[in-house]
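Have a look at the structure below before the remarks.
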Amino acid sequence: MSYEEIYARSMGDPEGFWGEAAADIDWVKPWDKVLDDSNKPFYRWFSGGELNTCYNALDRHADGGRGDQPALIHDSPVTDSKTTYTYSELRDAVAKFAGVLKAQGVDKGDRVIVYMPMIPEAAIAMLACARIGAVYSVVFGGFAAKELATRIDDAKPKVIVSASCGIEGARVIGYKPLLDQAIELSAHKPDHTVIFQRPQAVAAMQEGRDVDWVEAAAAAEPADCVPVAATDPLYILYTSGTTGIPKGVVRDNGGHAVAMKWSMRNIYNVDPGDVYWAASDVGWVVGHSYIVYAPLLHGCTTIMFEGKPVGTPDPGAFWRVISENNVRVMFTAPTAFRAIKREDPEAEYLQKYGMSKFESLFLAGERCDPDTLEWAQTKLQVPVIDHWWQTETGWGIAANCLGIEQLPVKAGSPTCAVPGYDVQILDENGNQEQAGEIGRIMIKLPMPPGCLPTLWQNDERYVESYLSAQEGYYLTGDAGYKDEDGYLWIMSRIDDIINVAGHRLSTGGMEEVLSSHPDVAECAVIGAADQLKGELPVGLVVLKAGVDRDHEEIIAELVALVRQKIGPVAAFKKVTVVDRLPKTRSGKILRGTMKKIADGQEYKMPATIDDPAILDEIIEALIRIGYAQKS
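Numbered according to the working numbering, the sequence shown spans residues 2 to 632.
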């Protein structure tokens with residue numbers, strides 16, 4: 002069947018379509034209804050059904066003929082090590098650690114926070130929670146203590162699983178001191194932490210609270226899989242909220258397993274037994290969906306990489322991993338390829354490695370600029386597929402579905418809507434935009450299986466954040482258009498979330514941090530276009546009257562403050578002091594206009610501006626820090 006035929010079927014008969022897809026998953030008890038729409042807008046998939054996600058990812062393959070097949074390969078150039086787990090070995094390690102969690106009092110429905118680097122134990126902890134029906138939340142390793150504390154208070158974990166340290170390039174980052182600080186800051190206190198000690202930095206343990214992973218696993222009884230309802234939560238993944246309070250995206254068990262399994266064949270065109278590599282981190286949604294769950298549910302070999310695209314040790318790192326492990330399909334962020342292109346523009350390192358098994362490269366995380374896509378295509382000589390999705394959806398909204406039908410690639414577009422997603426471009430009044438006209442990108446409800454059913458213990462915020470813009474639709478928060486062929490073009494965010502190397506960060510949150518500095522009167526943070534990272538935050542600050550300290554000293558303090566409160570992922574380095582900010586007469590700061598100036602784009606003088614002369618001052622200020630140019 003063609004893409005058009007399969008897409009039409011998913012729209013015309015979603016229950017039949019997804020009911021057939023669900024036959025690829027092992028169920029403890031079949032569902033009563035494929036789609037339960039009895040409590041709109043809270044749609045539920047496979048209600049009444051029971052399953053266990055860990056069983057489907059591990060035991061089914063370990064006991065079904067794939068026991069000796071590699072399930073997980075951990076490749077770590079930063080520690081110069083490589084470890085392989087077969088399906089049987091990974092199942093046994095997960096069952097043991099599930100026993101550790103049970104020994105610490107974790108039961109079905111209890112929460113666990115996982116704060117780990119890119120090591121096999123991170124995946125083992127996630128799957129162990131799924132095995133016993135605990136709901137876990139992975140927090141990106143090395144996240145600032147304050148950010149971790151907010152997640153502890155929201156999820157209220159019984160146990161936190163962590164490691165003594167992570168390794169970023171040549172730097173060893175202690176996780177345990179950050180964790181200790183976060184627990185001190187949080188109102189909720191976990192009963193225990195389980196710590197995996199790494200030789201690069203052995204952490205001090207607190208008696209009575211901290212448990213050593215290796216010792217506990219040696220003494221633990223392996224735990225069996227616990228059946229859970231298809232509609233029960235599997236995990237919570239926090240994403241930036243415009244208010245600065247993170248939103249806990251919930252992923253269910255049933256719909257998630259069905260969507261993950263379906264996507265491997267139909268989007269990525271991989272078969273059971275193939276080697277699949279998502280070069281991401283388990284702290285992000287890509288790591289959940291395509292390092293841990295989808296490849297294992299499909300019976301593939303998945304790769305977990307502890308390194309960088311450049312510098313560990315050189316720009317050939319990705320080619321080495323693909324070559325050594327016979328990777329068929331890779332998935333990473335455009336920013337990784339921009340870094341490789343910058344360091345090795347002629348792809349000379351590529352010549353050192355045999356890439357005969359490599360068939361396609363998928364990119365997502367931010368919009369892929371045509372230059373990078375075309376460079377990768379030319380150098381790799383395989384299809385390079387930009388596709389678009391979100392933490393909230395958990396898998397592709399728009400993609401070139403290679404397992405169905407390869408459509409022509411249009412550089413700059415993630416191709417067409419994936420079967421199951423009714424993507425529409427609407428104006429502010431809910432009317433359909435014409436082809437080529439930019440509007441709000443919306444998804445008509447119900448969304449397909451695997452997408453968020455709600456936010457963690459906050460149905461009201463789920464409706465307010467995603468469903469209130471237009472009745473019967475999910476607001477993606479992105480603006481863009483469809484062309485005459487039905488291809489989607491994602492142009493920008495419609496809120497103030499910026500995308501730094503695939504990390505969605507709130508400029509409002511950064512403004513809050515800058516405003517907390519005693520010398521700052523007011524400020525604005527904009528996302529300025531950056532060739533390597535997609536966007537970088539740029540801060541403009543107005544100092545309080547009477548402050549006569551050295552500006553460079555204040556700027557250094559502001560950069561350090563954002564690093565401390567939000568973390569190094571913000572890549573916040575560019576700040577300039579201005580006398581005043583451009584505002585409307587009603588007092589709103591003209592962030593959009595400043596962004597256009599920083600990006601060197603044409604802009605119109607806003608009709609509501611309070612004082613037009615101020616824009617000349619802003620241009621001068623942005624030129625000082627390497628943005629904007631005199632016209």
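Note that beta-carbon positions come from the ideal geometry of N, C-alpha and C, so glycine has one too. Here the structure is a predicted model, which is why all the values come from computation and not from measurement.
- If one requires a minimum length of 3 residues, the beta strand (DSSP E) runs lying completely within the segment 313-395 are 330-333, 361-364 and 385-387, in chain order.
- Excluding residues up to 5 positions away in sequence, Ser165 and Ala204 lie with their Cβ nearer than 6 Å to the Cβ of lysine 177 in the same chain.
- Lys574 is the residue among Cys452, Ala599 and Lys574 whose C-alpha sits nearest the C-alpha of glutamate 553.
- Residue range 535-544 is occupied by the beta strand (DSSP E) that includes glycine 535, with no alpha helix (DSSP H) assigned at that position.
- With contacts defined by Cβ atoms closer than 7 Å, alanine 400 and valine 419 form a contacting pair.
- With contacts defined by Cβ atoms closer than 7 Å, glycine 366 and glycine 209 do not form a contacting pair.
- Residue state for serine 517 is assigned as coil, using DSSP reduced to three classes.
- A residue is called buried once 16 or more other Cβ atoms fall within 10 Å of its Cβ, and glycine 547, having fewer, is exposed.
- Ranking Ser414, Leu446, Leu506 and Thr455 by CA distance to the CA of glutamate 485 puts Ser414 first.
- Taking all protein chains in view, the Cβ of glutamine 433 is surrounded by fewer than 16 other Cβ atoms within 10 Å, so the residue is classified as exposed.
- Beyond the five residues adjoining it in sequence on each side, glutamate 16 comes within less than 7 Å, by CB distance, of Val35 and Leu36 in the same chain, given in chain order.
- For the set Asp181, Glu185 and Val195, the Cα lying nearest the Cα of valine 162 is the one of Val195.
- In the DSSP assignment, histidine 193 falls within the beta strand (DSSP E) that extends over 193-197.
- In the three-state DSSP reduction, asparagine 500 falls in the strand class (E or B).
- Counting only runs of 4+ residues, the alpha helix (DSSP H) found wholly inside the segment 277-308 occupies 295-298, in chain order.
- Histidine 289 and tyrosine 354 do not touch by the CB rule: their CB atoms are close to 29 Å apart, not below 8 Å.
- Around the beta carbon of valine 215, fewer than 16 other beta carbons lie within 10 angstroms, which makes this residue exposed.
- Rounded to the nearest whole angstrom, the CA to CA distance from alanine 217 to tyrosine 88 is 22 Å.
- Listed in chain order, the beta strand (DSSP E) elements of length 3 or more contained wholly in the segment 183-242 are 193-197, 211-213 and 234-240.
- Counting only the Cα atoms, alanine 280 lies some 28 Å from aspartate 27.
- For valine 410, there is no enclosing beta strand (DSSP E), as DSSP gives it neither H nor E.
- Burial of proline 118 is indicated by the presence of at least 16 other C-beta atoms within 10 angstroms of its C-beta.
- Looking at the DSSP output, glutamate 523 bridges to Val543.
- Three or more Cβ pairs closer than 8 Å define a contact, and the segment 61-78 falls short of that threshold against the segment 36-45.
- For threonine 455, there is no enclosing beta strand (DSSP E), as DSSP marks it with neither H nor E.
- Boundaries around serine 163 are those of the beta strand (DSSP E), 160-164, since no alpha helix (DSSP H) includes it.
- DSSP, reduced to helix, strand and coil, places leucine 149 within a helical segment of the structure shown.
- The bridge partners DSSP lists for alanine 529 are Leu537.
- Per DSSP, reduced to three states, the secondary structure at glutamate 51 is strand.
- In the DSSP annotation of this structure, the continuous segment of the alpha helix (DSSP H) that includes aspartate 93 starts and ends at 88-104.
- Within the segment 563-623, the runs of alpha helix (DSSP H) that reach at least 4 residues and sit entirely inside it are, in chain order, 592-599.
- Taking C-beta atoms as the reference points, proline 450 and tryptophan 32 fail to come closer than 7 Å.
- Under the DSSP assignment, tyrosine 474 falls in the beta strand (DSSP E) whose first and last residues are 474-483.
- Methionine 511 and glycine 487 have their alpha carbons spaced roughly 37 Å apart.
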